[in-house]
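> For what it's worth, the working numbering labels the leading residue of the sequence shown as 136, then goes sequentially.
Where a beta carbon is used, it is the ideal one built from N, C-alpha and C, also for glycine.
All of these numbers come straight from a predicted model, not from anything done at the bench.
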Amino acid sequence: MNNIHKTAIIEDGAILGDNITIGAFTIIGKDVKIGDGTIIDSHTLIDGKTTIGKNNHIFSHASIGTIPQDLKFNGEDVELIIGDNNKIREYTLFNPGTIGGGSVTRIGSNNLFMGYVHVAHDCIIGDNCIFANGATLAGHVECDDFVVVGGLTPIHQFCKIGTQVMIGGASAVAQDIPPFCLAEGNKAVLRGLNLTGLRRRFDNREDIDAIKHAYKELFESGKPLQDVARELFENDNNKYVKELASFVLNTKRGIPFNRK
136 MNNIHKTAII EDGAILGDNI TIGAFTIIGK DVKIGDGTII DSHTLIDGKT TIGKNNHIFS
196 HASIGTIPQD LKFNGEDVEL IIGDNNKIRE YTLFNPGTIG GGSVTRIGSN NLFMGYVHVA
256 HDCIIGDNCI FANGATLAGH VECDDFVVVG GLTPIHQFCK IGTQVMIGGA SAVAQDIPPF
316 CLAEGNKAVL RGLNLTGLRR RFDNREDIDA IKHAYKELFE SGKPLQDVAR ELFENDNNKY
376 VKELASFVLN TKRGIPFNRK
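(1) Here's the rule I'm using: 16 or more other beta-carbon atoms within 10 Å means buried, otherwise exposed. How should Q204 be labelled?
(2) Please name the residue in N373, F337, F293 and L247 whose C-alpha comes closest to that of N190.
(3) Considering only the beta carbon of each residue, do I163 and I145 sit closer than 7 Å?
(4) Measuring straight from C-alpha to C-alpha, what distance separates D171 and I155?
(5) Let me know the secondary structure DSSP gives S198 once reduced to three states.
(6) For G285 and I296, which I take to be in contact (beta-carbon distance under 8 Å), what is that distance rounded to the nearest angstrom?
(7) Check K184 in the structure and name its three-state DSSP category.
(8) With a 10 Å radius around its C-beta and 16 neighbouring C-beta atoms as the bar for buried, classify S244 as buried or exposed.
(9) Look at the Cβ atom of C294, then the Cβ atom of V276, and state whether they are nearer than 7 Å.
(10) Just grab the DSSP bridge partners of E319 for me.
(11) Taking G327 as the reference, which of A345, N339 and E355 has the closest Cα?
(12) With a CB to CB cut of under 6 Å and the five nearest residues on each side skipped, what residues in its chain are close to T386?
(13) Between the C-alpha atoms of E214 and E341, what's the straight-line distance to the nearest angstrom?
(14) Taking the alpha-carbon positions, what's the I217 to A364 distance?
(15) Using only CA atoms, which one of I174, P359, F392 and G200 lies nearest to I180?
(16) Could you tell me the boundaries of the beta strand (DSSP E) in which L215 lies?
(17) Applying the 10 Å Cβ sphere with the 16-neighbour rule, what's the burial state of P359?
(18) So for A255, helix, strand or coil by DSSP?
(19) Under 6 Å: does the beta carbon of H275 sit that close to some heavy atom of the ligand FMN?
(20) Just checking my contact of L272 with F315 at CB under 8 Å: how many whole Å lie between their CB atoms?
(21) Taking V239 as part of the beta strand (DSSP E), name the residues at either end of that continuous run.
(22) Quick check on I302: does DSSP put it in helix, strand or coil?
(23) Please classify K184 as buried or exposed, where buried requires at least 16 neighbouring CB atoms within 10 angstroms.
(24) Which value, in whole angstroms, describes the spacing of the CA atoms of R334 and D344?
(25) At which residue ranges does the segment 351-394 contain complete alpha helix (DSSP H) runs of 4 or more residues, listed in the order of the chain?
(26) How long is the line joining the alpha carbons of Q299 and G210, rounded to whole angstroms?
(27) Which of the three DSSP states is assigned to K207 in this structure?
(28) Pick from D147, G158 and A149: whose alpha carbon is nearest that of K141?
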């Protein structure tokens, strides 16, 4: 049984699962789909072609699925897809995709979006990520799994953030950040490996040692970056080293590290 406050507005056409809670003065648009067990607090707007999975908690005054902040947008059929078990805190703003970016903004599961986080059009976010207060993702940003972004950090459009990356607060990210790395600064540069995150995630010390060796070869040896990445990808059998090397080989915006 759903628990919907009498002042909430649910437009005809909206599809609601079971055991959903919707707070006072919340508005749910006609093209919205909400999965079982999701809680939506008061004064929230969910609009557009938005699909929300199971057991999410969307806190008050969030704005989810409103049209992209893109002057080229002209009412095209675009959507926002959100997975399961996310916590989306107060005053967050999530926009759907645009035709030029694939038409979809996609958010995975088990993420925490703290207050005032903005996820712009055509972003792709994986699972188990944390975005601290005021983190801002411009259009077309991609974040893999287990990413942590510090508060008040903007990420430039079309940047890609690899898995297990941690970005310090009040940084300004303008280039791609490879998997397993720490980045910080304005503008953000690599500061080393996210060793704390790696130790929490990986039981095999050999994997961590392999990543450490690859990082040193790539970013501290002074050798040509693409050459080192290609050699690691072709000759190192560790899957995490291959992931790191592949990311470097395929970067579009470059890697922000201090060249020796």
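Walking through what the data contain:
(1) exposed
(2) L247
(3) yes
(4) 6 Å
(5) strand
(6) About 12 Å; that fails the 8 Å criterion.
(7) strand
(8) buried
(9) yes
(10) V324
(11) E355
(12) D311
(13) 42 Å
(14) 34 Å
(15) The amino acid at residue 180 is misidentified as Ile; the sequence shows Leu. Ranking the options by Cα distance to L180, first place goes to G200.
(16) E214 to I217
(17) exposed
(18) coil
(19) As far as ligands go, the structure on display features none, and thus does not contain the ligand FMN.
(20) Rounded, the Cβ-Cβ distance is 20 Å, inconsistent with contact.
(21) V239 to I242
(22) strand
(23) buried
(24) 11 Å
(25) 360-370 and 374-384
(26) 36 Å
(27) coil
(28) G158
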